[in-house]
Structure formats: structure tokens, C-alpha cells
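FYI, the working numbering numbers position 185 of the sequence shown as 284, with every residue one higher than the one before it.
Below is one structure; the comments refer to it alone.
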Amino acid sequence: MAGKTLDFIGATGRAALRFAATVGEWGVLMQDTIRGLRAVRIWGGLVFEQMMRIGVASVPIALFIAAFTGIVLALQASYTFTGAVPVYLVGSLVGKTMIIELGPVLTGLALAGRVGASIAAELGTMRVTEQIDALETMAYDPAAYLVLPRVLAGAVMFPAVTLLASALGIVAGWLTAIQLLDMSTPEFVRGLEAFFVPFDVVFSVIKSFSFGLTVTSLGCFFGFRTRGGAAGVGRAATSAVVASSMVILVFDAFWAAVLL
Numbered sequence: 100m101a102g103k104t105l106d107f108i109g110a111t112g113r114a115a116l117r118f119a120a121t122v123g124e125w126g127v128l129m130q131d132t133i134r135g136l137r138a139v140r141i142w143g144g145l146v147f148e149q150m151m152r153i154g155v156a157s158v159p160i161a162l163f164i165a166a167f168t169g170i171v172l173a174l175q176a177s178y179t180f181t182g183a184v185p186v187y188l189v190g191s192l193v194g195k196t197m198i199i200e201l202g203p204v205l206t207g208l209a210l211a212g213r214v215g216a217s218i219a220a221e222l223g224t225m226r227v228t229e230q231i232d233a234l235e236t237m238a239y240d241p242a243a244y245l246v247l248p249r250v251l252a253g254a255v256m257f258p259a260v261t262l263l264a265s266a267l268g269i270v271a272g273w274l275t276a277i278q279l280l281d282m283s284t285p286e287f288v289r290g291l292e293a294f295f296v297p298f299d300v301v302f303s304v305i306k307s308f309s310f311g312l313t314v315t316s317l318g319c320f321f322g323f324r325t326r327g328g329a330a331g332v333g334r335a336a337t338s339a340v341v342a343s344s345m346v347i348l349v350f351d352a353f354w355a356a357v358l359l
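Structure, rendered in C-alpha cells:
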């Protein structure tokens, strides 16, 4: 029994050390990335391209998820509230939930799968084919050239995509309410305005901003540390998605505890 306990403690300690080492490696990469801000000539022309790839190209999947989320929220709210509270509160639930919770989180998780995996696979392929080493040989800073444009684009575009998705989710909930439920547009709008405060939008932007930094920085990190050829690229993409999703949920709880 004592031997098993010692083995468990040893395994836990080794896992904690590996986790600490991974966090330290990520911190070093982010430090190099921040230093790269001075090299505007390297990353300045690449940010717009990454904004298109990370943000604009992600709009369809984000809108698809948000639209059906709004529909489901309206239907479930109507079912839950029937005979208990005024029906106009369907608008309150749809609006509040889409803006401060489901809009940012579902968009962040969807983009973690699309953007995080894409970045990790792309940079991982560059690592195993020694393209990143070639950049260093040519005196290019890989962090400024490869990481910084992606992180900046994620920080800018995640909030934009999230706000667009939240707005469409509310519109989808409104259309569902007036078409399938016994509600009118004034009733839905009344509920929408009842509990809305401008800080809800600020809260959504803060969350999605942190999600953007998380997804892009972790995607770059796992791409940079890829080893082992094609199999390693696959592992890097998987690790980026899993780690980003976990950190997004942690940040979701953190911001709720700190700001609400």
C-alpha cells in the first residue's frame, strides 16, 4: 500500500514538473513575441492577412453555431417559463445569455478547433521541415514573423466575430419567438431591454479578447515545439485544441468571478 502511495506521489510530482516546464516554455515564447513588437517591418505587413484567415474565414462557422443557439434558447425559455413568469422574459434570457456567456464561449470553442488546430499544424509543419530554422539562419526573428501577427490578429478578430455571432443569435431567437411562440416583437424587445446593461458588451469583449490570445498563442506554442514528423504535427494540433478549450473554460469562470 505504501509503495503504491509513493508511486502515485511520484507520478503526480513528475506531471506537475512537466506542466511547470511547459508553462515556462510558453512564457519564454510570449516574452520573445512581446520583444518582437519593435520589429514592425517584420510583422506589420502580415497582420491583415492573418486577420482575414483567423477572423473573416471563421465567420460562417461562428454564425451557424450562434443562429441555432439562439433558436434553442428561445424554444427552451418558452418551455421553461410557460405559466410561471411573463413570456416577454424569453427576450431577456436570449439576450443576456448570448451576450455574456454562450456567444463568447461557444465562439471561442469553435474557433479553438478551427484556428488553434490550423495554426499548430501550419507552424508544426514548418518546424519539422526546418523552415523555422531557416528563418533563424536568415536572421529573421521567428516569434516576430510567425507568432506576433497571429496573436495580434486573434486579439482583434475574436471580439469582432463574437459580437457578430451574439447579434445573430439574438436575431435568431427573436425570429423564433415571433414565428413559433405566442410572442410579438414589442414583447421580445421589452424582455431584451429589461435586464440589459452596456457592461454586458464590455464583458463579452474582454472574455473574447482573452480567448483570442489563448487560442492563437497556444496554437503557435504547440506548433513551435512540434517533433516527430507528420505524427508530431497531428499531436500538436490535437494538443492545441485541447489546451485552448480547457483554458477558455478556466478564463470563463475567472472573468465571471472577477468582473460580475
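In this text, a Cβ means the ideal position worked out from N, Cα and C, and glycines have one as well.
Handout entry: Boundaries of the alpha helix (DSSP H) in which F294 is found, first to last residue
Key = Neither: F294 is in no alpha helix (DSSP H) and is coded neither H nor E.
Handout entry: Classification of A83 by the beta-carbon crowding that lies within 10 angstroms, buried from 16 upward
Key = Residue coverage of the chain in this structure runs from 100 to 359, which leaves residue 83 outside it and unanswerable.
Problem - Option in T121, G144, V186 with minimal Cα separation from I277 - result: V186
Practice task
Write down the C-beta distance between F353 and F308 rounded to the nearest angstrom, noting that I regard them as a contact closer than 8 Å.
Solution key: That pair is no contact at about 13 Å.
Handout entry: T313 versus L172 - alpha carbon distance
Key = 27 Å
Handout entry: Limits of the unbroken alpha helix (DSSP H) element including I199
Key = Note, I199: premise wrong, no alpha helix (DSSP H); not H, not E.
Exercise for the section: Output yes or no for whether 8 Å exceeds the beta carbon distance between M150 and A243. Expected result: no
Handout entry: Where the alpha helix (DSSP H) containing R334 begins and where it ends
Key = 328 to 358
Practice task
Quick one: using the 10 Å Cβ neighbour count with 16 as the cut-off for buried, is I198 buried or exposed?
Solution key: buried
Problem - Nearest candidate by alpha-carbon position, reference G223, set D281, T168, T325, V357 - result: Each of D281, T168, T325, V357 was checked against the Cα of G223, and the nearest Cα belongs to T325.
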